[in-house]
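Numbering (UniProt numbering), first residue to last: 1 to 374.
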């Protein structure tokens, strides 16, 4: 085992692994930064992990301020580790000054974990802190928009036709025709086919009829990632031909945020995470928005833990399906699409004709595009 490996184990285990040897100068700084955070875990004594750390002596890492700690971890760890440390500080140890202290907010590097924390604590912020926190929201949303806009719009670029095209794009590469047209350039001795002429498909846009997409987003605390991605997805879909997007957030109340869909930052700053859940009320609100049932997609994004009448929710979803609307019940809408939901309720909704599962924003866009352009 190399000295670098030993140092990693020393950093993971803390004081109990001191027999592995002394840490280097930078290693000691990493250890202090880790101990400032994880040394406050009361479960460490039982597990013999990072027990005591360097906190004894009166002048150890406990003297670090949050700003000092942020400066240190940004110098000492890669970006992915910094984001994990910040997420643990907020979610595991509730070090809320990461998103409520103006001095910290001026120096912190925006990332998705901090965005979640801002959305969960913004109701506690005074106007100055809220203004600084908005910088985090804007930066993370800008990155998500840049990543997702291309993916979402790609779903609406038309379908490949069989006729050839002079426009050469990798996504339209005609493999079969290219191979067939270049067989004369195959060299058996090299077992290699040389391409002299590449062939491509053209793309044609099918007739587009107007559809409604109604996104119903559960704004309970556990759905924060889906709320963020729903807002950005709605903004990416806004103005695309053939689809009119609505965005509705709900807990026990229903708030129609459609007028802010083109500004996801403003939209997210209006979302109020937490509270109870009345899914049926939101579904009934969506039913009132529908103009042409057979050209409407209702995407219910929730964990399906209904705080209201469960039988009412099932009945409302059944009525939407029976009138010809397409109902998607999504337990997650984010980049990972890892669903956590009430499986019994999910099954009941599937039994009345809803499609139940989880999607990434790109997959939702593909589904919408398939319906709109068919």
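Just so it is clear, CB atoms sit at the ideal spot from N, CA and C, and this is done for glycine as well.
Three or more Cβ pairs closer than 8 Å define a contact, and the stretch 111 to 119 falls short of that threshold against the stretch 250 to 265. With fewer than 16 other Cβ atoms from the protein chains shown falling within 10 Å of its own Cβ, residue 79 counts as exposed. For residue 359, the beta-bridge partners assigned by DSSP are 333. Beta-bridge annotation (DSSP): residue 249 is paired with 217 and 255. In this structure, the beta-carbon distance from residue 151 to residue 365 falls below 9 Å. In the structure shown, the three-state DSSP call for residue 38 is helix.
Under the three-state reduction of DSSP output, residue 136 falls in the helix class. Between residue 323 and residue 348, the C-beta spacing is not below 9 Å.
The C-alpha of residue 133 lies about 43 Å from the C-alpha of residue 352. Restricting attention to 212, 210, 229 and 211, the CA atom closest to the CA of residue 219 is found in 229. With distances taken between CA atoms, residue 121 lies nearest to 101 out of 289, 101, 139 and 190.
Residue 343 counts as exposed, since fewer than 16 other beta carbons sit within 10 angstroms of its beta carbon.
In the three-state reduction of the DSSP assignment, residue 155 falls in the coil class, being assigned neither a helical nor a strand state. Looking at the backbone, the Cα of residue 331 and that of residue 103 are separated by about 37 Å. The Cβ neighbour count for residue 199, taken over all protein chains shown within 10 Å, is at least 16; the residue is labelled buried. By DSSP's assignment, residue 326 forms a beta bridge with 297. With a cutoff of 9 Å on beta-carbon distance, residue 340 and residue 119 are scored as not near each other. Only buried fits residue 361, as 16 or more other CB atoms lie within 10 angstroms of its CB.
Look at the beta carbons and you see the stretch 290 to 309 not touching the stretch 135 to 142: under three pairs across the two are nearer than 8 Å.
Annotated three-state conformation of residue 193 is strand, per DSSP. Taking each of 277, 72 and 328 in turn and checking the Cα distance to residue 223, the smallest one comes out for 277.
In the three-state scheme derived from DSSP, where H, G and I count as helix and E and B as strand, residue 210 is classed as coil.
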